[in-house]
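Right, one structure below, let's go through it.
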Amino acid sequence: MCRVKKVIYFSVFLIVFCIGYSLRYFNQYHIEDSNVSIQSNLNSWLNRGDTEQISANLIKVVRLNQSNTYIALFQLENDDIGYSQLIKGLNGKFKIELAGYGSNVVSYENIRTNEGMYGILVGKNPSLKINHITTKLIHEEFSFTTDVSKDEMFVKYKKLPSDLKKTFPAELTFYDANNTVIY
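Put into structure tokens, the structure is as follows:
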């Protein structure tokens, strides 16, 4: 009889634990896979605890290959460019992992996904002056070149080799169509 009680208590505990975990998971991944929902939740995320309200205009959402990670490119009212890392859950909905913005023309970030590390470039190309960008990791012998000649605003990414240890920061060099360094 004592053994039966233990099995029942264990089963009840296991069921309660599974229900609690499921509720936590589904509350965490609550953003619908639509631009309206992503933009609304992004604005809520960006305005957490701030007295000055900022408004982000979602430009586009890009999936990093076949990973569960997406990058949302947005622009603020003052024309600053930003990005947000979104993770897609098993329920097909997103959670915001991080978000940032600034006044740089182009920014480099390293993003960990379920497929490994990616180097991403987010930014704008005023008057399409930038033809391509060379990204060189500062602490590793690795670089890659990205064509941005047709993009006024962009998210570009490169899967980084798994043997790299320090994938941030990176030095960015901008070239025009004549392969001349412009900044």
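The sequence shown begins at 803 in the numbering used here and counts up one residue at a time.
Just so it is clear, CB atoms sit at the ideal spot from N, CA and C, and this is done for glycine as well.
task: On a CA-only basis, which of Asp949, Ser846 and Asn912 is nearest Asn981? Give me that one, please.
output: Taking the sequence shown and counting its residues from 1, the one referred to as residue 981 is at position 179. The option with the nearest alpha carbon to Asn981 is Asp949.
query: So is Val838 buried or exposed if we call it buried at 16+ other beta carbons inside 10 Å?
result: Indexing the sequence shown from 1 puts residue 838 at position 36. Per the 10 Å Cβ criterion, exposed.
- prompt: For Glu911, is the classification buried or exposed, using 16 other Cβ atoms within 10 angstroms of its Cβ as the cut-off for buried?
  reply: Here residue 911 refers to the residue found at position 109 when the sequence shown is read from its first residue. The residue is buried, with at least 16 neighbouring Cβ atoms inside 10 Å.
field: Span of the beta strand (DSSP E), counted from its first residue to its last, around Val908
entry: Here the question's residue 908 lines up with position 106 in the sequence shown. Its beta strand (DSSP E) spans residues Val908 to Thr915.
query: Does the segment 942 to 961 come within contact of the segment 858 to 870, defined as at least 3 CB pairs closer than 8 Å?
result: The segment 942 to 961, when compared against the segment 858 to 870, does touch it at the 8 Å Cβ threshold.
message: Which residue wins for smallest C-alpha separation from Ser905, given the options Leu848, Ile883, Ser857 and Leu860?
response: For the purposes of this step, residue 905 is taken as residue 103 along the sequence shown, with counting starting at 1. The shortest Cα separation from Ser905 among Leu848, Ile883, Ser857 and Leu860 belongs to Ile883.
field: For Gln877, the first and last residue of its enclosing beta strand (DSSP E)
entry: Start at 1 with the first residue of the sequence shown, and residue 877 comes out as number 75. Its beta strand (DSSP E) spans residues Thr871 to Leu878.
message: Less than 6 Å between C-beta atoms, sequence neighbours within five positions excluded: which residues of the same chain meet that for Val957?
response: Walking along the sequence shown from the start, residue 957 turns up at place 155. Only Val864, Ile873, Leu875 and Val924 meet the Cβ criterion.
Pick from Cys804, Asp881 and Leu816 that is closest to Glu954, judged by C-alpha positions: The count along the sequence shown starts at 1 and reaches residue 954 at position 152. The option with the nearest alpha carbon to Glu954 is Asp881.
- request: Pick out whichever of Lys968, Lys938, Thr937 and Pro928 has its Cα sitting closest to the Cα of Ser951.
  value: The residue you call residue 951 lines up with position 149 of the sequence shown. For the residues Lys968, Lys938, Thr937 and Pro928, the minimum Cα distance to Ser951 belongs to Pro928.
task: Can you check DSSP and say which residues form a bridge with Glu973?
output: Indexing the sequence shown from 1 puts residue 973 at position 171. Per DSSP, Lys938.
field: Cβ pair Ala979, Leu939 closer than 8 Å
entry: Position 177 of the sequence shown, counted from the start, is the residue given in the question as residue 979. Position 137 of the sequence shown, counted from the start, is the residue given in the question as residue 939. It is not a contact, given that the beta carbons lie outside the stated cut-off.
query: In three-state DSSP terms, what is Ile840?
result: By 1-based counting over the sequence shown, the position of residue 840 is 38. Helix at Ile840.
- prompt: From which residue to which residue does the beta strand (DSSP E) around Ile922 run?
  reply: If you number the sequence shown from 1, residue 922 lands on position 120. Unbroken beta strand (DSSP E) run through Ile922: Gly918 to Lys926.
field: Simplified DSSP assignment, three categories, for Val806
entry: Residue numbering aside, residue 806 sits at position 4 when the sequence shown is read from its first letter. In this structure, Val806 counts as helix in the three-state DSSP scheme.
- prompt: DSSP three-state call for Tyr985: helix, strand or coil?
  reply: Walking along the sequence shown from the start, residue 985 turns up at place 183. The answer is coil: DSSP assigns Tyr985 none of H, G, I, E or B.
task: Determine which residues share a DSSP beta bridge with Ser929 and list them.
output: Walking along the sequence shown from the start, residue 929 turns up at place 127. Beta-bridge pairing links Ser929 to no other residue.
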